[in-house]
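Novice: Could you have a look at this structure, given as structure tokens, before my questions?
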Amino acid sequence: MRPEPNSGILDIEPYVPGKSKAPEGVTLHKLSSNETPLGASPKAIEAAHAALRALEVYPDGQASALRAAIAEVHGLRPQNILCGNGSDELLGLLCQCFLAPGDEAIHSEHGFLVYNIQIRARGAVPIVAPEVDATADVDAILERVGEKTKLVFLANPNNPTGTYLPFDEVRRLHAGLPKSTILVLDAAYAEYVRRNDYASGIELVSEAENVVMTRTFSKIYGLAALRIGWMYAPEAIVSVLDRVRGPFNLNAAAIAAGAAAIMDRAFVEKAADHNAHWLDWTTRELEALGLRVTPSVGNFILVHFPDGDGRTAADADAYLTARGYILRRVTGYGFPNALRMSIGTEEANRGVVDHLAAFLGA
Ligand SMILES: *Cc1c(COP(=O)(O)O)cnc(C)c1O
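Rendered as structure tokens:
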């Protein structure tokens, strides 16, 4: 006899984060976790430092200063905002509160892996909707909705593909769902998107009782280490998650730094400009080398390699890693022969292109 976890838990493959080590002696360029190359706003760093002066005091369990800052910047009511220890925590809380064993939740074929893990952690059944051209397919999702469907997850834009659904498609998806099914719009990369037909989902949350939007400070704000996410949701859903979350789920440094970061709009704009320029440049340069790149609106690209002859994604990964350039293998996402590259500094982007040119020419 030994302790046994709940059924299904041992079938879950642990989430594998991007690698973060270069071989000894070479400079590390970590392009494996969609982190920003520009760091965090100096104002956020200063605020985090200030928070360290009172480590004996519990943080504000309501994260009021952070929620007020988010509300101000996005024009929302603080009552509709719930903060989490990263948006990952909020995704987990949604599953914990709305999925019972045997329930179903839908995500798309190449959707963010955290959904699948959290669904199965509740003993619920992940239903996978196929994609078209590495893009979520509204009809395929709607075809799979049934009486047991409690949640539908849509990363928009999606990681690791970088593709997105225009807002009219998101609206069509919502319109096809029963009122008892929650549509979870994960807009972790919303700040990077420059498309007129894109919207993060704020409007839809405001109009409906069954839509929530999650956001993060881990990407454009450069605060991944502090673990800060937030959700915009109807008050009834906020009130459900509020009962179950840890009473102090955000630490004091996170609350202070997050509030300062979101108020520094000039910093965010600079980061978005940097990304727009280098996303475009890197995509074009890699395509010029003959590689296929899935069109991305995020801060990363999915790069596909030729099959066989020593030039597969695994070969490219080994070649780049030996030179300090760490990209992300995405086999677990259904792309055994592609690598995901986060857009980095000018130096890092040029370095990847130069090394891949040598790799492919060899
Ligand atoms: C990075 C990412 C997140 C953010 O997770 P945090 O827990 O806030 O760091 C959420 N969703 C997707 C799709 C992501 O790629």
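At position 204 of the sequence shown (counting the first as 1) the number is 1101 in my numbering, and the numbers step up by one without a gap. Positions of the beta carbon are idealized from the N, C-alpha and C atoms, including for glycine.
(1) Just curious, the beta strand (DSSP E) that Ala1262 is in, first and last residue?
(2) Within 10 Å of its beta-carbon, does Ala1151 have 16 or more other beta-carbons around it, so buried, or fewer, so exposed?
(3) Can you say whether Tyr912 is buried or exposed, counting buried as having 16 or more other CB atoms within 10 angstroms of its CB?
(4) Does DSSP put Pro1233 in a helix, a strand or coil?
(5) List in chain order: all unbroken beta strand (DSSP E) runs of 3+ residues lying wholly within the region 906 to 988.
(6) For Tyr1222, list the residues DSSP reports as bridge partners.
(7) Short of 7 Å in beta carbon distance, which residues of its chain neighbour Arg1041, apart from the five on each side in sequence? Order them along the chain.
(8) Since Asp1065 is in the alpha helix (DSSP H), which residue starts that stretch and which ends it?
(9) Could you tell me the boundaries of the alpha helix (DSSP H) in which Met1160 lies?
(10) Once you ignore the five residues that flank Asp840 on each side, which residues in its own chain have a CB closer than 8 Å to its CB?
(11) What is the rounded straight-line gap between the Cα of Glu1132 and the Cα of Asp957?
(12) Please name the residue in Gly1231, Val1227, Ala1255 whose C-alpha comes closest to that of Ser876.
(13) Measure from the alpha carbon of Ser984 to the alpha carbon of each residue in Arg1112, Val1249, Ser1005, then state which is nearest.
(14) Where the beta carbon is closer than 5 Å to any heavy atom of ligand 1, which residues qualify, in chain order?
(15) Less than 7 Å between the beta carbons of Leu1186 and Ala1254, yes or no?
(16) For Ala1033 and Leu1051, which I take to be in contact (beta-carbon distance under 8 Å), what is that distance rounded to the nearest angstrom?
(17) Taking the C-alpha atoms as reference points, what is the distance between Arg1069 and Ala1096?
(18) So the beta strand (DSSP E) Gly1126 belongs to, where does it begin and stop?
(19) Which value, in whole angstroms, describes the spacing of the CA atoms of Leu949 and Ala960?
Specialist: Reading off the structure:
(1) Here the chain covers residues 898 to 1259 and nothing more, so residue 1262 does not appear.
(2) Buried, since its Cβ has 16 or more Cβ neighbours within 10 Å.
(3) By the 10 Å Cβ count, Tyr912 comes out exposed.
(4) Reduced to three states, the DSSP call for Pro1233 is strand.
(5) Correct list: 978 to 981.
(6) Bridge partners of Tyr1222: His926.
(7) Closer than 7 Å at the Cβ level, and outside the excluded window around Arg1041, lie Ile1003, Ile1024, Ala1026.
(8) Asp1065: member of the alpha helix (DSSP H) spanning 1064 to 1072, first to last residue.
(9) Per DSSP, Met1160 belongs to the alpha helix (DSSP H) from 1149 to 1160.
(10) Because residue 840 is not part of the residues shown, which for the chain are 898 to 1259, the question remains open.
(11) The C-alpha of Glu1132 lies about 20 Å from the C-alpha of Asp957.
(12) Only positions 898 to 1259 of the chain appear in this structure, which leaves residue 876 out of reach.
(13) Nearest option by C-alpha distance: Arg1112.
(14) Those residues, listed in chain order, are Gly983, Ser984, Asp985, Phe1009, Ala1052, Asn1056, Asp1083, Ala1085, Thr1113, Ser1115, Gly1126.
(15) In this structure, Leu1186 lies near Ala1254, with their beta-carbon atoms less than 7 Å apart.
(16) About 6 Å separates the two Cβ atoms, so the contact holds.
(17) Whole-angstrom Cα-Cα distance: 14 Å.
(18) Gly1126: member of the beta strand (DSSP E) spanning 1126 to 1129, first to last residue.
(19) Rounded to whole angstroms, the gap between the alpha carbons of Leu949 and Ala960 is 16 Å.
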